[in-house]
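The sequence shown begins at 234 in my numbering and counts up by one.
The beta-carbon is built from N, C-alpha and C at its ideal position, and this holds for glycine as well.
A quick note: this is a predicted structure, and the numbers were derived from the prediction, not measured.
Working notes for the structure below.
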Amino acid sequence: MEFSVPSALALRGITKAFPGVLANSDVTLSVGEGEVRALLGENGAGKSTLVKILYGLYQPDSGSIEVDGRTVSIRSPRDAMTLGIGMIHQHFTLVPVHTVWENIVLGLAPADGRPLSRDAAAAEIDALGKKYGLEVDPFARIDQLSVGMQQKVEILKALYRRARILVLDEPTAVLTPGEAENLFSFLREFRSSGNTVLFITHKLAEVFAVADSVTVLRGGRNAGDFGVRDASESDLVTCMVGRELVLTKGKPAGSTGNVVLDVRALSILGDRGNRVVDTLSLSVREGEILGIAGVSGNGQEELADVLCGLRIPESGEILLDGRPVRPGIPEAAFHAGTGYIPADRHREGLVLDMTVEENLILKNLSAYSRFGFLRMKKIRENAERLIKQFGIKTPSPAAKVKGLSGGNQQKIVAAREIEAGSRLLVAVQPTRGLDLGAADHVHRTLLDERDRGKAVFLVSTELSEVLKLSDRIAVIFRGRILGEFKRSEATVEKIGMLLAGGMGDAA
Ligand code: ADP
Ligand code: MG
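Printed below as a string of structure tokens:
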């Protein structure tokens, strides 16, 4: 029986509305002592809202919270902390110019009964670090630490406050695979001493890697509770999405043809004048997907911008089908047959105040105008064809794009760019922020276009996405390719090592 033993933590009937959105509707969840429970759901399912309520950052409209079987009132993070709840946020809250020990002690008062002086704090941090495999130099400055190390500091901060219930909101989004594995072993260790973990994720693999049980949220409501041992991947997907969804499996390319994209000794300066891509060379063939794996900020975004003419390189050459493309001119890239699915569709891909049909011809106005007049019939026909082909859900071709869901907006960008990119598709984080069904549609589309003989240049910080789709994988680190793998040779371990700049076999 689930409630025969008091739970370490229970949320009952939590409802929370924001203007126009019911973020949580009668949500119930409980976690036992010594249990790791995953809170699984797609973007927007209400996960962060629920745990912000638990941490006293929001007040619920109704519902109650129990800790160790007693109803409690949590009006602020301080109340949560006093009850033994610690929270690792999606975005860190450390002060960059301060040291590790200062950040950990910050906000504590003598009444908390925790060491406050420098040396006592450092000793305590060292001891906690050793005990849990979270070693960090207490005197290092936060801005000198990697993001993975900063997360360790956030966890140490909670442990320093004697947290027994740890809540982590999508903690692996900022980690390399190796760092994620370390985090998971810490959580197992923490659990084995009788503590409680609530682990938020939208990734199925993480549920199976670390959790004992899982609560699924969908559209702000409870959608199901499972023991991880009894649940299959497809059970969880169906529960998250609300319908059966068979995810596309990547499949290797048939035969590849001529080189389409040929990048030679390309160097690029970043916005701050530093060199973000350094004499980099690569090529992509017809019928091939080259995946660029890398932690965000290693030059991959700037590289994609240059390929699409949105940024002028410092030096080097780009050839498409053997012909040099004039750099820094989007029209030149477009006429050479490059399509671009950007990471930020709102900034670069769409004009939200324009209609669906207008957005669908944005890159190619000249083909749809004559003597200075737009050819409305042709524009409408084009839209109707693409709406059907890509399954874009819109009330009409004349509806404004801003009223559509993120998934449908992304389909509009993809539809237009796939038409434009007759030779090469550059896709940067093409599924970021999309729900599973929409992301799967984008994946299938990229595989189809490859099978039609296009070259695809894929940039993603999601290693699972790169592994699933790519025929070849190149790892970028500080603007250089550290290693390249055929799909058959690529493993998470090999790539993970290179992502952090380490020396892998292929380096
Ligand atoms: P998740 O963490 O599962 O992605 P969230 O809890 O962040 O979901 O969001 C659930 C819903 O509530 C979304 O529709 C989101 O846009 C909305 N929402 C979240 N926070 C706020 C807020 N502070 N103001 C208004 N709407 C919000
Ligand atoms: Mg969230």
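- Between the beta-carbon of P630 and that of T678 there is about 20 Å, and that puts the pair past the 8 Å contact cut.
- Contact between P546 and S500 is confirmed by a C-beta separation of about 6 Å, below the 8 Å threshold.
- Judged by their CB atoms, V493 and V517 are nearer to each other than the 8 Å cut-off.
- By the criterion of at least three beta-carbon pairs nearer than 8 Å, the region 316-328 is not in contact with the region 345-357.
- With a cutoff of 7 Å, A278 counts as near the ligand ADP, since its C-beta is closer than that to a heavy atom of the ligand.
- Cα atoms of T627 and G460: separation of roughly 39 Å, rounded to the nearest angstrom.
- Not a single heavy atom of the ligand ADP lies less than 7 Å from the C-beta of T571.
- One alpha carbon belongs to N597, the other to D586, and they sit about 18 Å apart.
- The DSSP assignment places 533-540 and 563-568 as complete runs of the alpha helix (DSSP H) inside the region 517-569, in order along the chain (cut-off: 4 residues).
- Here the region 259-270 makes contact with the region 416-429; the two share three or more CB pairs at distances below 8 Å.
- Taking a 10 Å sphere around the C-beta of E698, we find 16 or more other C-beta atoms and assign the residue as buried.
- V440 and L553 do not touch by the CB rule: their CB atoms are close to 42 Å apart, not below 8 Å.
- DSSP, reduced to helix, strand and coil, places V584 outside both helices and strands of the structure shown, so it counts as coil.
- Close CB contacts of A498 within its chain, under the 8 Å cut and outside five residues either way in sequence, are with T512, L513, S514, S548, G549 and E550 (chain order).
- In this structure, DSSP gives D684 a helical state, which the three-state scheme calls helix.
- Look at F690: its beta carbon is at least 7 Å from all of the heavy atoms in the ligand ADP.
- Under the 8 Å Cβ criterion, the region 333-347 counts as touching the region 377-394, having at least three qualifying pairs.
- Across the structure, G452 and H568 are spaced so that their CA atoms are roughly 43 Å apart.
- By the CB criterion at 8 Å, A278 and S263 fall outside the cutoff.
- Taking the Cβ atoms as the reference, E535 lies roughly 6 Å from G503, within the contact range of under 8 Å.
- Counting the other Cβ atoms within 10 Å of the Cβ of N491 gives fewer than 16, which makes it exposed.
- Here R397 has G317, N428 and T429 as same chain residues with Cβ atoms under 7 Å from its own Cβ, once five neighbours each way along the sequence are excluded.
- Secondary structure in the region 368-398: the alpha helix (DSSP H) runs of 4 residues or longer, each lying completely within the stretch, are 380-393 in chain order.
- Excluding the 5 residues flanking it on each side, G666 has same chain C-beta neighbours closer than 7 Å at N276 and G639, in chain order.
- V689 and I522 have their C-alpha atoms spaced approximately 5 Å apart.
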